[in-house]
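>
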Amino acid sequence: MHPDNPQPRSIAQVADSVRSGALIAYPTDSCYALGCRLGSRDGIDRIRSIRHLDNRHHFTLVCQDFAQLGQFVQIDNDVFRAIKASTPGSYTFILPATREVPRALQHPKKKTVGVRIPDHVVTQALLAELGEPLLSSTLLLPDEEEPMTQGWEIKDRLDHVLDAVVDSGDCGTEPTTVVDFSGGEAEIVRHGAGDPTRFE
Numbered sequence: 119m120h121p122d123n124p125q126p127r128s129i130a131q132v133a134d135s136v137r138s139g140a141l142i143a144y145p146t147d148s149c150y151a152l153g154c155r156l157g158s159r160d161g162i163d164r165i166r167s168i169r170h171l172d173n174r175h176h177f178t179l180v181c182q183d184f185a186q187l188g189q190f191v192q193i194d195n196d197v198f199r200a201i202k203a204s205t206p207g208s209y210t211f212i213l214p215a216t217r218e219v220p221r222a223l224q225h226p227k228k229k230t231v232g233v234r235i236p237d238h239v240v241t242q243a244l245l246a247e248l249g250e251p252l253l254s255s256t257l258l259l260p261d262e263e264e265p266m267t268q269g270w271e272i273k274d275r276l277d278h279v280l281d282a283v284v285d286s287g288d289c290g291t292e293p294t295t296v297v298d299f300s301g302g303e304a305e306i307v308r309h310g311a312g313d314p315t316r317f318e
């Protein structure tokens, strides 16, 4: 799939697959990620299985824009301004979840969830076609330090556990910078592709 000009027909096919319960690998502005429909318990279980994740792992809702993001997290004016200034971009923000977020996706104690708005043409086209966020997690395999960067490599190694790989060529190796706003103040949880200094 062309990274700057994806074919609408191809995007529509991927969106239809996700709506039908597919688990996909797709490119972002940071690195490749695993994605499925928000309400897909099977997709969540498969992501946990592929990445060997426990129930304390923060999943991320990848949103098209702020209007969508605001449906799933509670956000005050100061935090809104701070996030607005750095999105779209390679950041994941941890915020208190609204009732729209299934309990299985929330942190069991904090009732928080990760959200992000990516700066990637293919991802944005897919989100626009889908009309809802993608439930997502970095495609980082157990015991490996960096994500895979090529769609063909992901297909070669994970074809037996994925329903589709959205291949738009080379992708980065750095995951997003994670900023936790759940306590009101910005706390850098992970340094990644996004410049953390604006939140320090």
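Using the numbering used here, read the sequence shown as starting at 119 and increasing by one per residue.
We put the CB at the ideal spot given by N, CA and C, even for glycine.
Should R155 be labelled buried (16 or more other beta-carbon atoms within 10 Å of its own) or exposed?
The count along the sequence shown starts at 1 and reaches residue 155 at position 37. Burial call: buried.
> Output the distance between the C-alpha atoms of L258 and G290, rounded to the nearest integer angstrom.
Against the sequence shown, residue 258 aligns to sequence position 140. Against the sequence shown, residue 290 aligns to sequence position 172. Answer to the nearest angstrom: the Cα atoms are 12 Å apart.
> Where does E247 sit, in a helix, a strand or coil, going by DSSP?
If you number the sequence shown from 1, residue 247 lands on position 129. Note: E247 maps to helix in three-state DSSP.
> If you draw a straight line from the alpha carbon of G139 to that of S158, how long is it in whole angstroms?
Position 21 of the sequence shown holds residue 139. Position 40 of the sequence shown holds residue 158. Approximately 6 Å between the Cα atoms of the pair.
> Assess, as a yes-or-no matter, whether the segment 201 to 209 is touched by the segment 235 to 252 under the definition of 3 or more beta carbon pairs within less than 8 Å.
Flag = yes, the segment 235 to 252 and the segment 201 to 209 touch.
> Is there a Cβ of chain B sitting closer than 9 Å to that of I142, yes or no?
Looking for chain B here will not work: only one protein chain is present.
> Can you give, in chain order, each stretch of the alpha helix (DSSP H) that sits fully within the segment 147 to 180 and has at least 4 residues?
If we require 4 residues or more, the alpha helix (DSSP H) runs fully inside the segment 147 to 180 come out as 159 to 169.
> For a test of the three-state rule: what should DSSP assign to D196, helix, strand or coil?
Your numbering for residue 196 matches position 78 in the sequence shown. D196: helix per DSSP, three-state reduction.
> Do you know how far the Cα of I142 is from the Cα of H176?
Taking the first residue of the sequence shown as position 1, residue 176 is located at position 58. Taking the first residue of the sequence shown as position 1, residue 142 is located at position 24. Approximately 18 Å between the Cα atoms of the pair.
> Nearest to I129 by CA position, among V283, I306, H309, G310, is which residue?
Residue mapping note: residue 129 aligns to position 11 of the sequence shown, counting from 1. For the residues V283, I306, H309, G310, the minimum Cα distance to I129 belongs to V283.
> Quick one, which of T267, R164, K227 has its alpha-carbon nearest T146's?
As a working mapping, residue 146 is identified with position 28 in the sequence shown. Nearest option by C-alpha distance: T267.
> Does the beta-carbon of G302 have 16 or more other beta-carbons within 10 angstroms, so that it is buried, or is it exposed?
Along the sequence shown, read from residue 1 onward, the residue named residue 302 stands at position 184. Classification of G302: exposed, given that the 10 Å Cβ count is below 16.
> Identify every residue that forms a DSSP beta bridge with G232.
Your numbering for residue 232 matches position 114 in the sequence shown. Answer by DSSP bridge pairing, in chain order: T178, I212.
> Taking only the alpha-carbon atoms, compute the straight-line gap between L252 and D134 and give it to the nearest angstrom.
Taking the first residue of the sequence shown as position 1, residue 252 is located at position 134. Taking the first residue of the sequence shown as position 1, residue 134 is located at position 16. Approximately 13 Å between the Cα atoms of the pair.
> Rounded to the nearest angstrom, what separates G310 and R169 at their Cα positions?
The sequence position of residue 310 within the sequence shown is 192, counting from 1. The sequence position of residue 169 within the sequence shown is 51, counting from 1. One C-alpha to the other measures close to 19 Å.
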